[in-house]
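Numbering-wise, the sequence shown is residues 16 to 349 according to my numbering. To start, the structure under review is shown below, and the notes come after it.
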Amino acid sequence: MSDKPEFQLSNRRRFLKVSGSLGGTALLSDWPAWAQDNRETLRFGIIADVHKDVMHDADERLSSFIDHMKKERVDFIVQLGDFCVPKEANQPFLDIWNSFSGPRYHVIGNHDTDGGYSREQTVDWWKMPSRYYSFQQAGMQFIVLDGNDRPADHAGGYPRYIAEDQLEWLRDQLDSTDLPVVVFVHQSLERESDGGVQNGAKVRQILEDANASAGHRKVVACFSGHHHRDYVRRINDILYPQINSASYHWVGAEFQHVRYSEAIDQAYPYIKYTVPYENALFAIVTIDPTKGFMSIEGKQSAFVGPAPWDLGPKPDGWDAPTLTPNISTWKMPV
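Spelled out as structure tokens, the structure:
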């Protein structure tokens with residue numbers, strides 16, 4: 016699949032009135048039955064890839080998210096993975112997360128088991144119900160997937176796969192509910208060749224089959240993190256929003272550059288392999304069934320120091336439209 020998103024907001028157009036690029040504004044009669052019957056507007060806070068174990072100021076970034084969500088009184092919060100490993104030194108960071116009094120939901124990322132920790136240890140420490148699970152809020156079904164299963168042909172590196180037992184569970188979840196569905200997963204389902212879920216196309220087919228069986232858009236969207244990019248795609252009438260990292264874009268050792276002090280660099284040596292964002296990125300998602308829209312209010316920031324493309328040429332180029340220190344604000348029909 017091409018890296019170019021099917022729909023991408025520029026930084027100068029942060030709010031979209033839905034037009035022909037997304038198939039036109041939907042009339043009430045075109046919306047699925049749930050959008051006409053369910054009258055409760057839902058708002059939730061979402062953050063991805065804080066990377067406590069990389070960033071020196073991860074606690075401050077998470078605090079800004081939690082403080083904002085408390086002020087906005089959202090219905091729940093969710094983090095999309097690469098949060099923190101389950102070690103005692105990270106307890107103050109987890110305490111910040113737990114200071115939100117409403118429902119809190121976790122998604123496991125590939126870096127949440129760094130240092131030899133198991134997924135089960137992370138699940139227990141975060142107090143997740145399971146590696147993958149579902150919950151309901153405001154007349155909607157939310158499904159959390161674990162994209163870190165190990166395929167039989169795994170050749171090394173971080174596994175990025177959803178095994179058959181989890182796929183069967185997903186089918187059962189979709190078959191057993193009449194509610195509209197939103198999916199959360201760390202690695203995207205639509206960037207298979209660029210670090211996304213290796214069998215993402217198979218997972219997408221399960222979501223599309225559920226819509227075909229229901230006769231309407233039962234599965235509304237699938238949110239992911241992991242790629243530290245800013246875009247949203249619509250594939251076969253399902254939205255795939257990519258939530259940018261709260262902290263940085265990874266550029267690697269070839270483009271390393273000390274962004275903060277030498278003392279910070281010594282204590283947090285991986286920061287120089289990144290281009291950090293000045294302020295934490297996160298968003299509020301609103302689903303308004305009475306109007307048939309989903310929207311995101313995203314935070315905007317700036318790079319700390321040189322932008323990625325100012326560090327030198329990259330063999331496969333820099334994807335500036337999606338590589339940005341922002342989470343775009345957008346609004347579109349569901």
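Beta carbons are placed, not taken as given, at the ideal position from N, Cα and C, and that holds for glycine.
- Partner residues in a beta bridge of residue 89, as assigned by DSSP, do not exist.
- Taking a C-beta distance under 8 angstroms as the contact criterion, residue 163 and residue 123 qualify as a contact pair.
- Each residue's CA atom was taken as its position, placing residue 77 and residue 65 some 7 angstroms apart.
- A check of alpha carbon separations from residue 159 across 129, 325, 238, 217 identifies 238 as the nearest.
- Closest in alpha carbon position to residue 289, among 57, 69, 62, 301, is 69.
- When C-alpha distances from residue 346 are compared across 324, 318, 303, the shortest belongs to 303.
- Counting C-beta atoms within 10 angstroms of its own C-beta, residue 227 has fewer than 16 neighbours from the protein chains shown and is therefore classed as exposed.
- The stretch 194 to 246 is shown to contain whole beta strand (DSSP E) runs of 3 or more residues at 196 to 200, 234 to 239, in chain order.
- Residue 216 holds the alpha-carbon nearest to the alpha-carbon of residue 255 among 216, 265, 279.
- Put simply, the backbone Cα of residue 335 is about 25 angstroms away from that of residue 98.
- For the pair residue 109 and residue 91, the Cα-to-Cα distance works out to about 16 angstroms.
- With a beta-carbon spacing of about 5 angstroms, residue 188 and residue 149 fall inside the 8 angstroms limit used to define contacts.
- Here residue 318 carries a strand assignment [DSSP, helix/strand/coil].
- In the three-state reduction of the DSSP assignment, residue 80 falls in the helix class, which pools H, G and I.
- Here the C-alpha atom of residue 282 lies approximately 17 angstroms from the C-alpha atom of residue 262.
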